[in-house]
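Enquirer: Letter by letter, the sequence shown follows residues 491 to 1232 in the working numbering.
Built from N, CA and C at the ideal position, the CB exists for glycine as well.
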Amino acid sequence: AQEGGDWYAYTQFEATDAREAFPCFDEPSFKAPWKLSIKTTKALAAFANTPIVSEKDLGDGHKLVEFAETKPLPSYLVAFAVGPFETVDAGKTRGGAPIRIVVPRGRSKDVAYPVEATRPIVDLLEDYFGMPYPYEKIDMIACLVFNAGAMENPGLITWHHNILLTKPENMTLGRQQSYASVAAHELAHMWFGDYVTLAWWDDTWLNEAFATWAGEKIIDQWKPAWDGAVDAASSKSGVMHSDSLDTARSVRNPIESPGDIEQSFDGITYQKGQAVLSMIERYIGADAFKTGVRAYLAKYAWRNATYDDFVAAITGAAGRDVKPMFDAFILQSGVPIVAFDLQCKPGTPPTLTMSQQRYAPTGSKIDPKRTWQIPICVKWGAGGKTGRDCTTLATETGTLALTAKSCPEWVHPNADSGGYYRMSMTGKPLDTLLARASRALTLPERVGLIGDVTALIANGTVQQGVALGLVETLSKDKSRHIVDASIGVVAGVEEMVPDNLRANYERLIKKLYRTRAVELGFKSKPGEDDNTKQLRPQLVGLVAASGNDKPLIEQATALAWKWLDDKKAVEPEMVGVVLGIAAQYGDQKLFDRLHKDAKAAEDRADRGRLLGAMGSFSDPKIVAQAMGISITDEFELREALSLLQGGFTDRRTRNFAYEFVTKNIDAIIKKLPEPFRPYIAFTFVPMCDDSRKAEFEGFFKPRLEKLEGGPKMLAQALEALSLCAAARKAQTPGVIAFLKRQ
């Protein structure tokens, strides 16, 4: 990669690319010590997994840099980099391992937060695992071109520059949270993935789900005000959508090709795996789970391990067999949905009857006949008291006798939002729970409940109007998480709004959110809390963009032009929103200025913002220009994906965007990084037109069947298309009826 006239070289070997650099047994089970030497020019710095042991001047302007022998590593974790880097000291671990941030020339001032945050995260991970950091050093190195967020190479963690590097004037709470989350994930890998390594790629989840789970746990412990449990509930609800496809894979999935490996780095592995680990930790208790994790690490130190090895360690610590529970959620796909019915009869305890099946959205071909061993905890309120009862549902039906002394006024069937299942209740029990939620439930429970209601709409149990009716209350909530969830409900029906009711939809948005959006404005106020800072871009963006609010659009447009001349004119939290609003309603003059500045931008973060705005126009002529630029050599396509994708976000330009992709499919595939290529299948999903399914399949099949992972992506895209069409057909009448009353 090149920046400012300097060239930098980095490696990224996961999963099967180490063989491109040197001969090796390029599979994770072959863990061995490695000893690297790098010949480079004397002016450049070289880095690898271990510290430098010697540098020899070769007398011809070059030097030979030799590194210490590594601990046993699989080939995919070997890493090295060369370039005119600068290093920034970030302290040491308790055991004395140096922590450094390695940056391109001139960027040392842009890592203040990583310097501050890394050591506390390492300390907490050492505390949890009960052992010191196991390697000689921690170097965090910024990569100018990188397909992932970061990579857990021990001793040399590679990072996407946009996460590791932030100019001081652009630092926001969101960027701090992004760094901390990724850092905790990657550093957790030092134990789970590096110290103990998966034996084969079918256990990718052992690496990634655990690192996601541990990272969230550590950050929640370090920064409880960030509400990590709420974000976990939200991400769980999101991955359940993917897991609701008939084509969804299991968490532990057979791996038969490199493409299978690439496709396993997805939400099913990360977020579903995390949710299952969290659920089972709750089931057996946090201390027992930690004991099992430590036993697993001790037994398989510096070696490989499997799913069965991990489950056996947790079972041993729990004192009960949890393998059937793990098997149910890790070895089979899908989301269970549990129907609950409260029975209160004289002379007997209040009892919940339960029945489970596989969740299936409207239009799905899923066979619902499937069972899991589900740990279920419910929360209830009766006589002014709140209680909690738990059980395990391992068969199709079951019962749970509650400890309430009288018939509960309300029951929440997923206490703490801790279970990986959808709940189903209808009628008065659901209405009562929704009415009591703001007072009786925690934030994670409320976010999970909103997700469940959305799922009940998607499978036809509840009408769309019910959710829209809830939004008025949710939109006034103090928590940004709940307001965000309400925005998700409103934004989720936008595609179902017919043109003749567009004004009603915009009026609804303004009625619900405009007063608060105007109060927040585009600039923060002295003393405001983090909740408000993070809510501002969401509310202002919604009211301006989807609510077509002329005063806010005018303000955003004026601010966008100011920012183009002075990068300090808009607060960093609001730059993306301001540029996006201005572009959506913008003209050729604005597009040309954005284009000019993007070509001239030396700062990659600024260039990313400019390209994002260029992909946000709604004028069909400008969309055509943006998409045309995406396949030229002006920008790397991985940077300019927004130019290609933007036309699909607006139904006025969607048909043109699809035609552009089909006419230029070969050029687009060639420019995309290999791991991204199969996802081109999803370009037709926003069309939401099942009548064109044969057309889409006929065009994409011969192209995608040549790509690793292509056939699976096409199958998922075709299913998503059918489900979109079925959902729109089922839900649009309810949306129309609701909007007619606005």
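1) Kindly indicate the opening and closing residues of the beta strand (DSSP E) around residue 827.
2) Specify, as a first and last residue, the run of the alpha helix (DSSP H) that residue 526 falls within.
3) Exposed or buried, what is residue 512 when buried is set at 16 or more other beta-carbons lying within 10 Å of its beta-carbon?
4) Just confirm the distance between the C-beta atoms of residue 674 and residue 611, as a whole number of angstroms; I'd bet it's less than 8 Å.
5) Could you tell me which of 542, 1063, 552 and 560 sits nearest to residue 661, measuring between CA atoms?
6) Restricting to runs no shorter than 3 residues, where is the beta strand (DSSP E) found entirely within the region 550-598?
7) Between which two residues does the alpha helix (DSSP H) carrying residue 532 extend?
8) Using only the alpha-carbon positions, how far apart do residue 1114 and residue 1085 sit?
9) Of the residues 906, 1032 and 1057, which one's Cα is nearest the Cα of residue 865?
10) Per DSSP, which one or two residues make a beta bridge with residue 682?
11) Check residue 1203 in the structure and name its three-state DSSP category.
12) By alpha-carbon positions, which one of 604, 516, 718 and 1198 ends up nearest to residue 704?
13) What whole-angstrom Cβ distance do residue 1097 and residue 652 have, given they're in contact under 8 Å?
14) What are the complete alpha helix (DSSP H) segments, minimum 4 residues, inside the region 705-741?
15) So, for residue 848: in the same chain, excluding its five sequence neighbours on each side, which residues have a beta-carbon less than 8 Å away from its beta-carbon?
16) I'd like the ranges of any beta strand (DSSP E) spanning at least 3 consecutive residues and lying wholly in the region 876-914.
17) Using the Cα positions of residue 1089 and residue 535, report the straight-line distance between them to the nearest angstrom.
18) Let's test the definition: count the other Cβ atoms within 10 Å of the Cβ of residue 759 and tell me whether it reaches 16, buried, or not, exposed.
19) Using only alpha-carbon positions, find the residue among 1147, 913 and 724 that is nearest to residue 972.
20) Output the boundary residues of the beta strand (DSSP E) element that contains residue 846.
21) Could you tell me whether the Cβ atoms of residue 1006 and residue 1042 are closer together than 8 Å?
22) Just reading off the beta strand (DSSP E) that residue 869 is part of, what are its end residues?
23) Helix, strand or coil: which one does DSSP assign to residue 925?
24) Please report the straight-line C-alpha distance between residue 1138 and residue 1204, rounded to a whole angstrom.
25) Can you have a look at residue 497 and say buried or exposed, based on whether 16 or more other CB atoms are within 10 angstroms of its CB?
26) Are residue 629 and residue 537 touching if we call contact CB-CB under 8 Å?
27) Measuring CB to CB, does residue 1031 end up less than 8 Å from residue 1070?
28) Hey, could you find the ends of the alpha helix (DSSP H) residue 546 is sitting in?
29) Excluding five sequence neighbours on each side, which residues of the same chain lie with their C-beta closer than 7 Å to the C-beta of residue 716?
30) Shortest alpha-carbon distance to residue 1189 belongs to which of 670, 1171, 871 and 892?
31) The beta strand (DSSP E) spanning residue 632 covers which residue range?
32) Give me the DSSP bridge partner(s) of residue 640.
33) Which residue's Cα is closest to the Cα of residue 557: 568, 565, 959 and 540?
34) The alpha helix (DSSP H) with residue 796 in it runs from where to where?
35) Three or more C-beta pairs under 8 Å: does that hold for the region 687-706 against the region 1163-1181?
Expert: From the atom records:
1) The residue you call residue 827 lines up with position 337 of the sequence shown. From DSSP, the beta strand (DSSP E) with residue 827 extends over 826-833.
2) Here residue 526 refers to the residue found at position 36 of the sequence shown. From DSSP, residue 526 is part of no alpha helix (DSSP H); its letter is neither H nor E.
3) Position 22 of the sequence shown, counted from the first residue, corresponds to residue 512. Residue 512 is exposed by the Cβ-count criterion.
4) Numbered from its first residue, the sequence shown carries residue 674 at position 184. Numbered from its first residue, the sequence shown carries residue 611 at position 121. Confirmed, about 5 Å.
5) Locating residue 661 in the sequence shown gives position 171, where the first residue counts as 1. It is 1063.
6) 552-557, 570-573, 576-582 and 588-593
7) Here the question's residue 532 lines up with position 42 in the sequence shown. Counting along the chain, residue 532 falls outside any alpha helix (DSSP H), and DSSP gives it neither H nor E.
8) Locating residue 1114 in the sequence shown gives position 624, where the first residue counts as 1. Locating residue 1085 in the sequence shown gives position 595, where the first residue counts as 1. Distance between the alpha carbons of residue 1114 and residue 1085 is about 14 Å.
9) Translated into the one-based positions of the sequence shown, residue 865 becomes position 375. Taking only the C-alpha atoms, the option nearest residue 865 is 906.
10) Here residue 682 refers to the residue found at position 192 when the sequence shown is read from its first residue. Partner(s): 686.
11) Stepping through the sequence shown from its first residue, residue 1203 is reached at position 713. In the structure shown, residue 1203 sits in a helix (DSSP, three-state: H, G or I).
12) The residue you call residue 704 lines up with position 214 of the sequence shown. Ranking 604, 516, 718 and 1198 by Cα distance to residue 704 puts 718 first.
13) Along the sequence shown, read from residue 1 onward, the residue named residue 1097 stands at position 607. Along the sequence shown, read from residue 1 onward, the residue named residue 652 stands at position 162. Going by Cβ atoms, the distance from residue 1097 to residue 652 rounds to 10 Å, so no, they are not a contact pair.
14) 718-733
15) In the sequence shown, the residue the question calls residue 848 occupies position 358. Closer than 8 Å at Cβ, skipping near neighbours: 824, 825, 826, 827, 856, 857, 858, 859 and 860.
16) 887-891, 900-902 and 912-914
17) Within the sequence shown, numbered from 1, the residue matching residue 1089 stands at position 599. Within the sequence shown, numbered from 1, the residue matching residue 535 stands at position 45. One C-alpha to the other measures close to 29 Å.
18) Locating residue 759 in the sequence shown gives position 269, where the first residue counts as 1. It counts as buried.
19) Within the sequence shown, the letter at position 482 stands for residue 972. Nearest option by C-alpha distance: 724.
20) To locate residue 846, count along the sequence shown from 1; it is residue 356. Counting along the chain, the beta strand (DSSP E) containing residue 846 begins and ends at 841-848.
21) The sequence position of residue 1006 within the sequence shown is 516, counting from 1. The sequence position of residue 1042 within the sequence shown is 552, counting from 1. No, these two residues do not count as a Cβ contact at 8 Å.
22) Reading the sequence shown from its first residue, position 379 is the one you call residue 869. Its beta strand (DSSP E) spans residues 864-872.
23) Position 435 of the sequence shown holds residue 925. In this structure, residue 925 counts as helix in the three-state DSSP scheme.
24) Numbered from its first residue, the sequence shown carries residue 1138 at position 648. Numbered from its first residue, the sequence shown carries residue 1204 at position 714. About 18 Å.
25) In the sequence shown, residue 497 corresponds to position 7, counting from 1. Exposed, since its Cβ has fewer than 16 Cβ neighbours within 10 Å.
26) As a working note, residue 629 is residue 139 in the sequence shown. As a working note, residue 537 is residue 47 in the sequence shown. Yes, the Cβ-Cβ distance between residue 629 and residue 537 is below 8 Å.
27) Stepping through the sequence shown from its first residue, residue 1031 is reached at position 541. Stepping through the sequence shown from its first residue, residue 1070 is reached at position 580. Closer than 8 Å, so yes.
28) Position 56 of the sequence shown, counting from 1, holds the residue named residue 546. No alpha helix (DSSP H) holds residue 546; the beta strand (DSSP E) holding it covers 542-547.
29) Indexing the sequence shown from 1 puts residue 716 at position 226. These residues qualify, in order along the chain: 667 and 709.
30) Locating residue 1189 in the sequence shown gives position 699, where the first residue counts as 1. Out of 670, 1171, 871 and 892, 1171 has the C-alpha closest to the C-alpha of residue 1189.
31) Position 142 of the sequence shown holds residue 632. 628-633 is the span of the beta strand (DSSP E), which, as asked, contains residue 632.
32) As a position in the sequence shown, residue 640 is number 150, starting the count at 1. Residue 640 is bridged to 649.
33) In the sequence shown, residue 557 corresponds to position 67, counting from 1. With distances taken between Cα atoms, residue 557 lies closest to 540.
34) Here residue 796 corresponds to residue number 306 of the sequence shown, with the count starting at 1. No alpha helix (DSSP H) contains residue 796, which DSSP labels as neither H nor E.
35) no
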